[in-house]
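Take the sequence shown: its letters are residues 1 to 318, numbered as in UniProt numbering. Using N, Cα and C, we set each Cβ at its ideal position, and we do this for glycine too.
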Amino acid sequence: MGQLIKLQDYISRYELDIYHYPSEFIRLKKKQWERMKHAWETGQLALRVEPHSYESWKWLEEEPSLFDKIKQIWTRKKVKDVTDENERLEEEEDFMFSITSEPKTIEELKILFLEKLFQLQIRWASSTLTEESIIDPKYYYDVYLKYFLQRFPDTYLCMYKPVFLLKKAPVELNTILISPTTTWCIAFTEERKNNIIVGSAERFWTEIFDDVERKIVNPMISLHRTEKVVQTIYKQFSVDMPIKKVLMNREGYIDYRYAPSDLDIIDRRHYDAWFTSLRQLTMPLKHMQLKAAQSLLTYCDTRYYDPLVIEEVEEADE
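What follows is the structure, encoded as structure tokens:
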């Protein structure tokens, strides 16, 4: 799974220490998969209806490490009360053995596990031990977000529609995918399956679908902006990593006759080869990759609240 290090302007655990959490996620994923697989093989998974299951996957998380607690003390001068160890283990087991559908095969089990990890990733990308952001529930069903998190290797770091503070103004950029070797700035033109996108130098492009034409905003405007911001930040922090722009239409076509030479056009004719090349990258996390991610996170906007403060205010009102 790709790792969600930033989602919009929500607070992220990766902002606390980008050099710790990516490897921690990989370790946690491996450990919890072995636990879930063993429970399935021994018949210890129990079916249970959970209508709001995306709020309930704390079983995937472990007791915060000493490193995490010290980091929070250093940044906030206080630490949220930690749940008693016995209660934590009881809660973890409860969610470990509670599932919403019964997997019949190992492949079905993997799909269920990836879904739980997806929900955990959104939790990590919208909260720390002491702060939380108010997350829009739509992201739990966002097909593009799932694409980046469920189809790429663990060593890919994803910033999904990140909001940057540029000259004190918040600006939403395209999705940024940081691999061990390359930074990808990606824009989609997938309004309809089997469509044809006709590009130009104008502000509006043309989408053709079933012989009907309509205007769409030129996606290169935001894609150029995203690349420029990444380039500027990388230069400031001495990050040496290639940046590539991608215009993607996985199930349609892109006709952009005068496309710039530094743009990768990935439509249904080229998608399989491009995706396979990224999936086959087996390099581990790299120092320069983490440095690149840290530099970008430095300029991201972050909006959150402190649950402890809200709780104190509510208690004062009672």
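Item, Value
"Nearest to Asp154 (by Cα), restricted to the options Tyr140, Phe118, Glu172", "Phe118"
"Glu63, buried or exposed, once every other Cβ within 10 Å from all chains shown has been counted against 16", "Unreliable placement is indicated for Glu63, whose pLDDT of 47 sits below 50; no coordinate value is reported for it."
"DSSP beta-bridge partners of Met159", "Lys6, Ile176"
"Neighbourhood of Leu263 by C-beta, 7 angstroms cutoff - its chain only, sequence neighbours within 5 removed", "Lys245, Leu247"
"When Leu149, Val163, Thr42, Asp142 are compared against Ile11, the one with the closest alpha-carbon", "Val163"
"Start and end residues, beta strand (DSSP E) containing Phe209", "204-209"
"Close-in-space but distant-in-sequence residues of the same chain around Asn195 (CB under 7 angstroms, 5 per side omitted)", "Glu207, Ile208, Phe209, Gly252"
"Distance, Pro242 Cα to Ser261 Cα", "15 angstroms"
"Alpha-carbon spacing of Leu4 relative to Pro22, whole angstroms", "9 angstroms"
"Rounded straight-line distance, which links the Cα of Leu145 to that of Arg192", "18 angstroms"
"Inter-residue spacing [alpha-carbon to alpha-carbon] between Lys235 and Ala293", "13 angstroms"
"Cα-Cα separation between Glu55 and Leu173, rounded to whole angstroms", "Its pLDDT being 43, under 50, Glu55 is placed unreliably in this model, and the value from its coordinates should be taken loosely. C-alpha separation (whole angstroms): 28 angstroms."
"Reduced DSSP category for Ala39 - H, G, I as helix; E, B as strand; rest coil", "helix"
"Status (buried if at least 16 other CB within 10 Å, exposed otherwise) for Pro51", "In this prediction, Pro51 has a pLDDT of 44, which is less than 50 and means its spatial position is unreliable; nothing more can be read from the coordinates."
"Cross-strand partners of Lys245 (DSSP beta bridge)", "Cys185, Leu263"
"Where Pro22 falls: helix, strand or coil (DSSP)", "helix"
"Beta carbon of Tyr299 nearer than 8 angstroms to that of Leu157", "no"
"Nearest to Ala169 (by Cα), restricted to the options Gly2, Asp9, Met1", "Asp9"
"8 angstroms Cβ cutoff met for Pro219 and Thr181", "no"
"Residue burial classification, Glu34 (beta-carbon count within 10 angstroms, cutoff 16)", "exposed"
"For Ser127: DSSP bridge partner residues", "Glu132"
"Own chain partners of Arg203 with C-beta closer than 8 angstroms, once the 5 adjacent residues on each side are dropped", "Val217, Asn218, Ile221"
"Bridge-paired residues (DSSP) for Ile216", "Trp205"
"Rounded C-alpha distance that separates Val239 from Arg151", "26 angstroms"
"Rounded separation between Pro284 and Phe25 - CA only", "13 angstroms"
"Residues near Leu297 in its chain [Cβ-Cβ closer than 6 angstroms; skip 5 each side]", "Glu15"
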